[in-house]
Amino acid sequence: MDQKILSLAAEKTADKLQEFLQTLKEDDLTNLLQNQAVKGKAAGALLRAIFKGSPCSEEAGTLRRRKMYTCCIHLVESGDLQKEVASEIIGLLMLEAHHFPGPFLVELANEFVSAVKEGGLVNGKSLELLPIILTALTTKKGNMACAKGELSGEECKKQLINTLCSGRWDQQYVIQLTSMFKDVPLTAEEVEFVVEKVLRMFSKVNLQEIPPLVYQLLVLSSKGSRKSVLEGIIAFFNELDKQHAAEQSGDELLDLVTVPSGELRHVEGTIILHFVFAIKLDYELGRELLKHLKAGQQGDFSNNLCPFSIALLLSLTRIRRFEEQVFDLLKISIVKSFKDLQLLQGSKFLQNLVLHRPCVSVMILEVVKNSVHSWDHVTQGLVELGFILMDSYGPKKILDGKTVETSLGLSRMPNQHACKLGADILLETFKIHEMIRQEILERVLNRVVTRASSPISHFLDLLSNIVMYAPLVLQSCSSKVTETFDYLSFLPLQTVQGLLKAVQPLLKVSMSMRDSLILVLRKAMFASQLDARKSAVAGFLLLLKNFKVLGSLSSSQCSQSIGVSQVHVDIHSRYNSVANETFCLEIMDSLRRCLGQQADVRLMLYEGFYDVLRRNSQLANSIMQTLLSQLKQFYEPKPDLLPPLKLEACILTQGDHISLEEPLDKSADFSQSTSIGIKNNICAFLVMGICEVLIEYNFSISNFSKNKFEEVLSLFMCYKKLSDILNEKAGKGKTKMANKTNDSFLSMKFVSDLLTALFRDSTQSHEESLSVLRSSNEFMRYAVNVALQKVQQLKERGHVSGPDGQNPEKIFYNLCDITRVLLWRYTSIPTSVEESGKKEKGKSISLLCLEGLQKIFSAVQQFYQPKIQQFLRALDVTDNEDREEDVAVGVTQRAAFQIRQFQRSLLNLLSSQEEDFNSKEAYLLVTVLTSLSKLLEPSSPQFVQMLSWTSKICKENSREDALFCKSLMNLLFSLHVLYKSPVTLLRDLSQDIHGHLGDIDRDVEVEKTNHFAMVNLRTAAPTVCLLVLSQAEKVLEEVDWLITKLKGQVSQETLSEEASSQATASSHPAEKAIIMQLGTLLTFFHELVQTALPSGSCVDTLLKDLCKMYTILTALVRYYLQVCRSSGRIPKNMEKLVKLSGSHLTPLCYSFISYVQNKKSQGLKYTGEKKKEKTAAVATAMARVLRETKPIPNLIFAIEQYEKFLIHLSKKSKVNLMQHIKLSTSRDFKIKGNILDMVLREDGEDENEEDTASEHGGQTKEPAKKKRKAQMKCLS
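Shown next as structure tokens:
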């Protein structure tokens, strides 16, 4: 039969073939085809012949065709056919599909839909035919019978796709079905159907099948719905990551982890790869990804950003056109995240309203951790991001050897955090990815070498961490480090020291690197530049410290400053120690040559020898011999010469010969303007330094001998005599000695021991000898002064001068001891007691102790934040025996104990009479309390007690000292914002200010409220006024931040009503809080705009803050315009706020503007009359007026913008919000011409005076409403 069909098909006409096929039963034909196909014979040829004899122009032919299609589909799905045969059959069916009439295509498509929904597919091969059928269906004209009646081909296709997507899909065919749709012409709505269905299937598909499914979905997205595809994929993996993290952390008690960590990360890595390929083919997809993640900038970044989406962004940097945009977006996200965190941490008001979300920095470090699983497309982006952050947000410039942050205020901390994040990214990437290590190291070293003029401490810290992590691994990169050594002579000393400290562990494991460094240092020793020689000394001293000689003390016995003794590659054996001794003695020979060089070089050497000895004690003999031979050059063993030194030899004389005045007496010249004076000054400082060194030496070896202490005191008297002469001469000279005091030569350890002995040693046997030193108040004051100097050095430089001055651990322990003594001395002998007994020049010892405490508390929080607990425990004078219980006491309790001591001191001070009030001491006490209050946990009862105490002090005490008032009020606000919003406090203070300063209308008598006694006529303005305005600015900033967040939520809302209602419900507390804040602030400004503020900063700041107030009111109105589009209504309290602004603020703003302008006019007139002949003075006055009136037009513009958007909101919400607002009519902001004439010309003065008087008269006599109109006219 099959042969006959084939032979008939070979004929030119198909008539006989048609006749023959009609004689056959349908089952015979299908059986024949089935047998041929299974046997693998010419099934394709037979099928072709059957189609030829079954034209669609005849009904019988169409039905036969239809039967054949069904038969073939079942055959292909059965899995009985060979691959080639099945492919051939499907290919034929595809070719012939378009011949079918529409109704039959609908039937065929429905068969497929049913098979998919009912799970009738076996291998899914036949699905290749479905896109051809659906495509053919769209080309058919006329209506066809479908499930929903008569529909066109396009509508039928839509109906079929809808039915298919709403049914159940077997998970094994999800990929094939998704792939199938890419070959179907789809409308935007149909693409959305398909995308939603596929995204719903993600959770039902095996994890390993998701990458190919994602790829098919990305290809499909070229037809549309890119946003939905991206959102769906990112949301799915974000959720998967969260579940995985919860399982890993053990939050959920699961017997079995759902997905192994490695498997999930590999899947994500594959998907990232698919994304890169898909975006290279369709750039619109990349633009959509950026657009989707940028949308979060309007509101909350963390809504859109997660580790997976960040990884996608970083992979996008491999495509050049997106690189810059991605890094800009990530930079903005990171800094905004840190700023938001800072804002939240500083405001209890915001903490109560906003949930804490994970910081972007945590997410990025999570990406770094995950990138170990072959995320090659992400790694390079991470490295670039790390360097971009360090370059953009590192310290910006160096001033007088110190790194200076150019950005101040709020932005400083976020920038520091961003720079630290960059360093963390690079360090962690370095640890994980071996392939990228060389590149990271090279780029860090390049920055160290090429950026000599800008601060690079952050890169040196990173380099140090990299070397510490893997010194042995870095041996492979030794050539790059050696190459860097060649530039040492040209780098600043600070950079050289940092670089050598960082690479020091490498020198221990690489002989060749060490030899290269020594060669470079020897060359530098004879360089022409002073810095190069100092660098050589620094390098040699570092080598001496870190190459240990046999028999030296262990590093635990004498800790060293740079902490490299902990490096795990310390491979010194006995042989190495012997070799090191030879090496170190060679270096000593090189260093001896420095003794003939400049003072700076020698000074470095002398100071460095101390640290070398602590680390390498076996070098003591060599070092002491070197120093002794040097000392002999300047020692003069004559019995009648004091001091027995060749001072002339210590001074280099250039040019004219200058003889030294002998002896050093009061009549000598010490001025800084003459050569002789400079020389004498140097000699004096040399002698004073020697006195200090001998004081320390004699005290250290004294063993509390009375004779030795008498020698110490006589040395101090010599020191003081010189010091007094220098101070007296400096005082008489026209210019003081640049207010610069030379660093004391006393070590910090000695200062600590000396203060302890002077103030705390109560041992009976020491009593007599110590009384010698205690008898001199000047000596005790000197000891405390040196302690203050050391702490100031720590604050400014991060280290102190003298032995162990670079060792943070030693400094910390000395600080603890010094603080304990100063604290006891201040609390035991109050300033009032000390000052009443003795009247001496300068500050009392108690006041110096307090100043020292203030500096120390500040420095400890700056440099030793992790050790605060240990520091406070060290201050506890009562040495508890029960150490376990002692350790358990928290920072808050310890800080509260110290706070109580200073509170008592301040109360005692405030209880004194006004004339006995020591404002300096009060200011220092408040500063100390401010520092300590930062250590209190805001949720603790101790914090609440501190707040209520501070509030009580402000309410009950009145002092006219501006500095004390400012510091106390600042303390009150800093505490209040961490407890609740300060708006009610601001309102009360504004009423007090209004009461003390009076009203802008002189006829109005203001009732004095007196909420806070600290506000009085002297402090109300500018002190308290500027303070409350700056606090109001912070509140406005918080409100603005919240409004921006709400706007972002509204714009990201989905169209579904459920999501919309949920979003509206969740934003209610925030909306209510915003309106309450603005309402209270409105009453605050209501008071201040009626206050007769003095011209200058108060008025300017108030005008600027009013402008901000109206700008934020406008932002709120615009937010409700957005809300009205979906809900169509605004809350009642918003209506009340608008009403309040119209009745209590806007009219008064215009009155205040008139008051300011009249006041400026009068001031200008006075200036003009007084200085008619001085044109320059008049011009200056004019410029000042123009500058001070500049905020006025800005304010009026802000008010009008507010009113403009209120009109829009009224129309949208169908609520008349303008009924309580009278629109302003003035539009002209020019300076009045008649006033200009009055100043610049003499003629016409009388006329102008009459104008001014008439304006003033109108202002005072007219009722409120008329008065405002008159004022408005005078603006024009």
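Each residue of the sequence shown is one higher than the last, beginning at 1 in the numbering used here. Ideal Cβ placement from N, Cα and C applies to all residues, glycine included. These numbers come from a predicted model, not from an experiment.
In the three-state reduction of the DSSP assignment, Tyr-979 falls in the coil class, being assigned neither a helical nor a strand state. Within the same chain, Val-520 come within 7 Å of Asp-486 by CB-CB distance, once the 5 residues on both sides are set aside. Look at Ser-1210 here: in three-state DSSP terms it is helix. DSSP, reduced to helix, strand and coil, places Thr-187 outside both helices and strands of the structure shown, so it counts as coil. Burial state of Tyr-606 is exposed, judged by a 10 Å Cβ sphere holding fewer than 16 other Cβ atoms. Annotated three-state conformation of Thr-1101 is helix, per DSSP. The beta carbon of Gln-171 sits closer than 6 Å to those of Lys-204 and Val-205, all from its chain and outside the five residues before and after it, given in chain order. Measuring C-alpha to C-alpha distances from Leu-493 to each of Ser-535, Leu-500 and Ala-452 identifies Ser-535 as the nearest. Between Ser-846 and Gln-789 a beta carbon distance of about 18 Å is seen, past the 8 Å cut, so the two are scored as non-contacting.
Assigned with DSSP and collapsed to three states, Tyr-864 falls in coil, not helix or strand.
Taking C-beta atoms as the reference points, Leu-92 and Leu-134 fail to come closer than 8 Å. Out of Leu-289, Arg-320 and Ser-974, the CA that lies nearest to the CA of Ile-310 is found in Leu-289.
Its chain contains no residue whose beta carbon lies nearer than 6 Å to that of Ser-261 once the 5 sequence neighbours on both sides are disregarded.
Each residue's CA atom was taken as its position, placing Leu-95 and Arg-226 some 32 Å apart. Between the stretch 453-473 and the stretch 502-517, the count of C-beta pairs closer than 8 Å reaches three or more; the two stretches touch. Per DSSP, Ile-811 is one residue of the alpha helix (DSSP H) stretching across 808-828. Taking all protein chains in view, the Cβ of Tyr-635 is surrounded by fewer than 16 other Cβ atoms within 10 Å, so the residue is classified as exposed. Taking a C-beta distance under 8 Å as the contact criterion, Lys-1212 and Leu-1121 qualify as a contact pair. Between the alpha carbons of Pro-1193 and Asp-282 lies a distance of about 50 Å.
The beta carbon of Ile-811 lies closer than 8 Å to those of Met-748, Leu-794, His-799, Val-800, Asp-804 and Gly-805 in the same chain, with the five residues before and after it left out.
The three-state reading of DSSP puts Asp-999 in strand, counting E and B together. Annotation for Pro-131: the continuous alpha helix (DSSP H) segment containing it runs 130-139.
Residues of the same chain with a CB within less than 7 Å of the CB of Leu-924, apart from the 5 flanking positions on each side, are Leu-850, Glu-851 and Gln-854 in chain order. Contact check for Arg-959 and Thr-1080: beta-carbon distance about 28 Å, past the 8 Å limit, so the pair fails to qualify. Each residue's CA atom was taken as its position, placing Asn-698 and Gln-475 some 49 Å apart. Its Cα nearest to that of Leu-353, the residue Glu-1038 stands out among Ile-432, Glu-1038, Val-368 and Val-85. Looking at the DSSP output, Thr-62 bridges to nothing.
Setting aside the 5 residues that flank it on each side, Met-1218 is surrounded in the same chain by Leu-1206, Ile-1207 and Ser-1210, each with a C-beta closer than 7 Å to its C-beta; the list follows chain order. When secondary structure is reduced to three states using DSSP, Thr-892 falls in the helix class.
Of the residues Lys-1190, Val-928 and Lys-396, the one whose Cα lies closest to the Cα of Gln-901 is Val-928. Ala-532 counts as buried, since no fewer than 16 other beta carbons sit within 10 angstroms of its beta carbon. Counting other Cβ atoms within 10 Å of its Cβ, Gly-167 stays below 16 and is therefore classed as exposed.
For Met-1014, no alpha helix (DSSP H) encloses it, and the DSSP letter there is neither H nor E. In the structure shown, Thr-763 adopts coil according to DSSP, grouped into three states. For Lys-1104, the closest alpha carbon among the candidates Val-1123, Tyr-1155, Leu-1029 and Leu-1093 is that of Leu-1029. Going by C-alpha positions, Phe-897 is about 10 Å away from Gln-942.
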